[in-house]
Amino acid sequence: MTAKRYSLLSLFREGLNGHKGWQPAWRAAEPKRRYDAVIIGGGGHGCATAYYLAKEHGLTNIAVIEKGWIGGGNAGRNTTIIRSNYLYDESAAIYDHAMQLWKGLGRELNFNIMMSHRGVLNLAHDDNEMRQLKRRVEANQLNGVDAEWLDAKQVKEYCPIISISPDVRYPVLGATLQRSGGVNRHDAVVWGYARAASALGVDFIEKCEVTGIEIENGKVTGVRTTKGDIKTGKLASVTAGHSSVTAKMAGIRLPIESHPLQALVSEPLKPIHNCVVMSNAVHAYCSQSDKGELVIGAGIDPHISYTQRGAFSILEEEIAALLELFPIFSRLRLMRHWGGIVDVCPDASAIISKTPVAGFYINGGWGTGGWKATPGSGHVFADLIANDKPNDIAAPFTLERFETGKLVAEHGAAAVAH
Amino acid sequence: MNQPFRLPEGGLIDRDKPVTFRFDGKSYGGFAGDTLASALLANGVHHVARSFKYHRPRGILGAGPEDPAALVQLEPNTARTEPNLRATEIELYEGLNAGAQNCWPSLGFDIGAINDVFSRFFPAGFYYKTFMGGPGWMFFERFIRASAGLGVAPGEIDPDHYEHTNRHCDVLIIGAGPAGLAAARAAASTGARVILAEQTAHPGGQLLDEAAGQTTIDGMSARDWVKAVREEIEAAPEAMVLTRTNGFGYYNDNWFALCQQLQDHLPLAERDANKPRQRLWHVRARHIILATGAIERPLVFAGNDRPGVMLAGAVRHYLHRHAVLPGRRAAILANNNSAWQTAFDLKTAGAEMAAILDTRPDAPQVLRDRAEALGIPVKTGAAVTGTLGRRRIKAARTGDIEGDRIAIGSAEMIGCDLLAVSGGWSPNVALFSQSRGQLRYDDDIAGFRPARSWQEEATVGAANGTFDLAACLAEGAAAGANAARVAGFDDASQSVPRVSAPHAIDYDITPAWRLPMERKTDRAFVDMHNDVTSKDLDLAVREGYRSVEHAKRYTTLGMGTDQGKTSSVNGFGILSEILDTPIPEIGVTTYRPPFKPVTFGAVAGQHVGANFHPRRTTPMHEAHVEVGATFEIVGDWLRARVYPRAGEDFDAALQRECKAARTQLGMLDASTLGKIDIRGKNAREFLNRIYSNAWLKLPPGRCRYGLMLNEDGMVFDDGVTACLSDDHFHMTTTTGGAAGVLNWLEDYAQTEWPDLEVYLTSVTEQWAVASLCGPNSTALMAELLDDLDPDPESFPFMSWRPAHIAGIPVRVFRISFTGELSYEINIPARYGRWLWDRCMALGEKHGITPYGTEGMHLLRAEAGFVIVGQDTDGTVTPIDLGMDWAVKKTADFVGARSLTRPDTARTDRRQFVGLLSEDPTIVLPEGSQIIATPHETEPRTPMIGYVTSSYMSPNFSRSIALGLVEGGHTRMGEPVYVANKNGTPHRASISPVNFLKELGGAS
Ligand SMILES: Cc1cc2nc3c(=O)[nH]c(=O)nc-3n(C[C@H](O)[C@H](O)[C@H](O)COP(=O)(O)OP(=O)(O)OC[C@H]3O[C@@H](n4cnc5c(N)ncnc54)[C@H](O)[C@@H]3O)c2cc1C
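Respectively, the protein sequence lines represent chains A and B. Our numbering applies: residue -8 is where the first sequence begins, and numbers increase by one. Our numbering applies: residue 40 is where the second sequence begins, and numbers increase by one.
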């Protein structure tokens, strides 16, 4: 199937035609009996993996199996902050790989993902944070990742509505800025990948839950689903908040804890906030969507759960933190809040890995920050699935690292204050 | 003032209190008891807003939080301005000023309406298909952003404040309509703790939206009954009625969040800045009753968004609550019986009734008879296919429905200035769904109603799909009695209110999810907030966005500030038609909190400004302030950083303090260190498992330094712990880590080793701590102490003694974080300031010099002591720190196993070393990366470590630094390079960390 190209012209023509000529963005498929590869999970990472498998590795007899509707998991719940200014070489490599892919992705997919490189600020509120963040800026620069240090005055210039009053509990002393960082439209990314992959022949099977994994002699032979059994020699789990559940179907226990992570939006407003602001100490982050809503998030709920619901007290802290940074938001209103389930590894880095079961691959453990990695993650995971061997970028994110201790300890960046 | 559409009598307004207000720059009159919407309607103003996307003129559709589009900017250009408020919810106050929003240059003439002209090119999701090429999205985004959004955010600090309050109750009832009132009365009569919350200013609900005298309950007029019941509830000992209180969030374990407006209805001048503006209630209820009523749906037909098209129930609301006639010549369009009442009421109130148009092929005879008696023309099987009028409807075009089209030749124009519509009533199940209750679609009422509760909850009345008043009251009373019984209160009054409503109309509906349209270009709005048309849903399905969530996201249906209160169910119905799938299979989208928008300020409550996170200061704090110390934020604490004297800068002060501490006598306020009292017969074993070093043999009177590792084997806190007695220890932690460590210990004590008897108590604030350091410290100690000889010979390093100072019991520790002879005095906190002053006074002759955190950091760096969190970052093992001695081989401890993992045990890991820059005047910048090359850097330059701490040492008269370097322990003396943004890297050599020994010759 060749998809009708999206463009101003086609939009114009269809406008005259009552938009009768558009085709489904992706084909709704029913499962075939056998595929060359099956991807469990139609989130951002799953759809990206399918696309790159088809496009770069010529694997087109493949299927993405999604228990609900594609993009209905974390992909459709996240706050889409994108940056690649991670501390460690391994993380910088994969997130920056993603960043470079984000840059041209809308055009490549012929789907406007509204990638807005409006800049991400990470604020420092005390000397220890300054030290840590400056360290990160320098590491980023040496790694070729776009990063700068701004003092408080420069922060105010970049984000005029932020309070840099020195008399508050957490004064803004400075910030890192990644200008290429930003936000995008989560649904569009999922839909865009699905549309492009579907055009290459990938089947998207929705409302179909994987319920079991068939293994013979230590090798994957297929999956059981609510729409019947499917044979395949390559099975890839990309199930984010449910990584442990799917891995368990193959008898693998992942070193992952699953937590609720909440987010919220305000009512839509005329543009007031033009970048992304994040603060660890105050524990809130905020951007404004193109629709005008302030999009706000913070840390995980501390308890372990699969309910996709967090506690309201967490939001109270988060909003109090927001008002510390942006006191002028006090009279604005919370319009909607929700939660997702994030899978957190002990070192706060992801798993992109082969497993003890041959032909079974896992991509997960992205925790609270996997959206930004989506294209990079899908790209290297496709490579791993196709070649049964991780490439240089994927290699550090093996499952074995938890046994060998070669951790990619990004959580180290948030160290204790003395 | 002239209010041409105000009826001469009736309504719940106070005609003795006229109010003047402004809207969109013009002045109007209203009465106390009006909402902004009712007052505008009284003045004949229907066009109040512009829509989100196409900037179409929008009027007042509803009468409460369901209204999708009558949004205004309240008090524009003031600190109290608020965007996106519903005119239907704003209580009118004297001097109110509301502006129109999302329009330019004016509400009447809005350039943005050009979008509407070209709307055929901007269907749902158009932006996904374009703006990718040319200058790219970043260019187009600016314009899209500017045209999106609605009102504007305030530019000033909020002058108001907010508060939280917590309550437990037996029965919480949300909604004070008839069902809620009946429930509350029954529950309150038992003596149970009852809270009845009503979002508007008045209990009564639908009873207030009908003609006075239409219904009698227990022999009283409905309004009198409401009053009587309210009084009865309020008279009950443990019950309260909260008005202007919106129950917006139903969470786990029957925990409910409500927002109460305390001052928003008052004129600005009367608002009391000393009282909160809004109060957020946290209520944990044994049982919850949802009596949240039903929400009327509009009908989806061409031109259905014209100002002057209103919900039929809202028309009754304005008629009866506010004595406003929303139109003089009205038509009705409905698919159910309930809207007929509106026609009868309008006619009775003096309006001309142009027609009742019912989409059903037939209507009940009783209704037809009444219409005939009142002289109202009736047309069944009729649709509206278009409306005329720019800022208010002038006429509606009708035609006969013939299958999915309009019968040819049946078109007719009906002149009207009001079109009251009803597409049926949706039980308001938002809160029920939030509670995770399950819904079921009921064909009889054409709506979703509660099927199965998930929590201790009951939904009653219209919210439960029960539309008959007597049944609502009975349901409410029974639920109230039952809820009280569940909470342990048995004798509920059994009386069920008796209703007499001779003219009540049975609810009967035949859904018509969308009415036929005549022309291809016609548009019918499903979501009037986000400008989603029925064709957008067709398009979504055509493009494969078939699942209800995809269709919602693609079209933005129900995603506006009204959260789809009037649009969602219509959307599901239309999708079901397009997909030819029964509605139950279409399902619903998730209802998310809050039920209606809640002010951020209220959510934050009092936890803003100085109360955000309290800032902690030590008992000695004032002493530091008095001598002009500068302070540093460390975790929650404010700590003295340096004590500059007159004319001294930061560096000079630091150098002086550090010199004094080594050569004479220094004093540090160490009160902020975390202190945990650990008791219990297994306290020792507990410590032995928590710390990486050995604790089983530490005798009372002795102290030991310990390292705490996380499960990965990485150092996460350190400190000295003293053995007070065999089953009693005093642990110290880092300042910033104290709370985290206590949680960590509790976690292990409670969940991992519940078999150990150990009790943990934070005593950080019970003790003030003065740390004395330097050669003269023993002399000062000797003067201070009543009953202890401080001689280091008899009171050796790493021991502690109880003692007294001026009769006050203290604990003295012989521990040191500077490598110098030191004593730490722990004194009960209330004597902290006294102790500080006493030391300063007695120490003067010994050259006592207070030093701050900066000096402490420098002094410990001279001694090569690690600061966890500065020299470590969660990736450093004790071995990496060169502290193999603190890792026991004999027993298990947290993190032990991880240390043996092959990569954790590698010898080329980043290790803790000293760094001496070749140029002793250069203080290597902290955080700088260590690289292997002496050349200027180009990405990607491999990094082999970084500088963690760096100072100019006064005692060695040169710079010193600490850092982590790959394989550093075996590279002593080797050169490394520190990346330098501004030029060639700094050259430095690796050294052992103890500079006292290395540079100072100390042993
Ligand atoms: C509130 C919130 C805010 C966030 N904010 C950010 C942010 O600002 N920046 C950022 O970088 N990251 C953010 N994240 C994290 C990010 O969303 C995730 O890391 C990322 O989206 C996960 O990858 P995914 O898109 O593939 O996951 P998902 O979209 O969750 O995809 C997994 C899919 O697997 C499906 N599935 C699970 N089990 C089965 C089964 N047995 N059979 C079939 N299908 C199955 C699920 O239904 C789901 O659709 C946030 C997350 C949340 C919850």
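Even glycine gets a Cβ: it sits at the ideal position worked out from N, Cα and C. Treat the numbers as computed from the prediction; the structure is a model and nothing was measured.
Cβ pair A/F351, A/V236 closer than 9 Å: For A/F351 and A/V236, no; Cβs fall outside 9 Å.
Sequence-distant residues of the same chain with beta carbon closer than 7 Å to A/I104, five excluded per side: Counting only Cβ-Cβ distances below 7 Å, and skipping sequence neighbours, we find L96, G97, N175, R176, A179, V180 and G183.
Nearest-angstrom beta carbon gap, A/R327 and B/Q602 [assumed within contact, 8 Å]: Confirmed, about 7 Å.
Reference A/G361, options A/A339, A/D374 and A/H264, closest by Cα: Considering only alpha carbons, the answer is A/A339.
Sequence-distant residues of the same chain with beta carbon closer than 6 Å to B/D149, five excluded per side: Contacts found: R89, H94 and C142.
Residue ranges of each beta strand (DSSP E) within the segment 346 to 394 of chain B, 3 or longer: Considered as a whole, the segment 346 to 394 of chain B harbours 348 to 350 and 368 to 373 as its complete beta strand (DSSP E) runs of no fewer than 3 residues, in chain order.
Within-9 Å CB hit, B/G147 to chain A: No, B/G147 does not count as interfacial toward chain A.
B/Y682, DSSP secondary structure in three states: DSSP places B/Y682 in coil when its eight states are reduced to three.
Cβ-Cβ separation, B/Y744 to B/D765 (assumed contact under 8 Å), whole Å: For a cut-off of 8 Å, the C-beta gap from B/D765 to B/Y744 is around 20 Å, too long to register as a contact.
Proximity of B/Q968 and B/E1005 at Cβ, strictly below 9 Å: Against a cut-off of 9 Å, the Cβ pair of B/E1005 and B/Q968 comes out as no contact.
Partner residues on chain B for A/I73, Cβ-Cβ distance less than 9 Å: From the beta-carbon of A/I73, no residue of chain B is found nearer than 9 Å; the closest lies around 13 Å away.
Distance cut-off 8 Å: A/H402 Cβ against heavy atoms of ligand 1: Outside the cutoff, so no.
Proximal chain B residues relative to A/G9, where beta-carbon distance stays under 7 Å: Under a criterion of Cβ atoms nearer than 7 Å, the residues of chain B adjacent to A/G9 are, in order, K559.
CB contact check: A/I247 to chain B, cutoff 9 Å: With 9 Å as the cut-off, A/I247 does not count as an interface residue toward chain B.
DSSP state of A/M326 mapped onto helix, strand, coil: The answer is strand: DSSP assigns A/M326 an E or B state.
Segment limits, alpha helix (DSSP H) that includes A/V371: For A/V371, the enclosing alpha helix (DSSP H) starts and ends at T365 to N378.
Cβ pair count under 8 Å reaching 3, the segment 539 to 553 of chain B against the segment 462 to 470 of chain B: Counting Cβ pairs under 8 Å, three or more are found: they touch.
Residues of the segment 23 to 50 of chain A whose Cβ lies closer than 9 Å to any Cβ of chain B, in chain order: Residues are counted here when their Cβ sits less than 9 Å from a Cβ of chain B; for the segment 23 to 50 of chain A the count is zero.
Contact set between the segment 311 to 334 of chain A and chain B, restricted to residues whose Cβ is under 8 Å from the partner: Cβ contacts with chain B come from A311, A312, L313, L314, E315, P318, I319, F320, S321, R322, L323, R324, L325, M326, R327, H328 and W329.
Cutoff 9 Å: A/V136 Cβ touching any chain B Cβ: So yes, A/V136 belongs to the interface.
Chain A contact for B/H321 (CB, 9 Å cutoff): Interface residue, yes.
Same chain, Cβ closer than 6 Å to A/I196, five either side skipped, listed in chain order: Here A/I196 has A20, P22, A54 and I56 as same chain residues with Cβ atoms under 6 Å from its own Cβ, once five neighbours each way along the sequence are excluded.
Spatial distance of B/E696 from B/T892 (CA atoms): Roughly 11 Å between the two C-alpha positions.
Terminal residues of the beta strand (DSSP E) in which B/G454 lies: Start and end: E451 to G454.
Rounded C-alpha distance that separates B/A540 from B/T254: C-alpha separation (whole angstroms): 5 Å.
Spatial distance of A/F317 from B/N376 (CA atoms): Near 50 Å, if we compare the C-alpha coordinates of B/N376 and A/F317.
Contacting positions in the segment 597 to 611 of chain B - beta carbon closer than 7 Å to chain A: Taking a C-beta cut-off of 7 Å against chain A, the contacting residues of the segment 597 to 611 of chain B are T600 and Q602, listed in chain order.
beta-carbon A/C199 near ligand 1 non-hydrogen atom, thresh 8 Å: Flag set: Cβ of A/C199 near ligand 1.
Beta-carbon proximity of B/L1001 to B/G903, cut-off 9 Å: Contact annotation: B/L1001 and B/G903 have beta-carbon atoms nearer than 9 Å.
Residue-chain proximity (A/H250, chain B), Cβ-Cβ < 9 Å: It does not; no Cβ of chain B falls within 9 Å.
Cβ-heavy atom distance, A/G330 to ligand 1, below 8 Å: Result yes, Cβ under 8 Å from ligand 1.
Start-to-end residues for the beta strand (DSSP E) that takes in B/E202: For B/E202, the enclosing beta strand (DSSP E) stretches over residues Y201 to I213.
Cross-chain neighbours of A/E139 in chain B, by beta carbon under 9 Å: Ordered by position in chain B, no residue passes the 9 Å Cβ test against A/E139, which lies about 11 Å from the chain.
Residues that B/R631 contacts on chain A, provided the C-beta gap is smaller than 7 Å: Simply R327, H328 and W329.
Neighbouring residues, chain B, relative to A/Y412 (Cβ below 9 Å): This structure cannot settle anything about residue 412 of chain A, because the visible part of chain A is limited to -8 through 409.
Per-residue burial, B/E975 [other beta carbons within 10 Å of its own, 16 or more giving buried]: Label assigned to B/E975: exposed.
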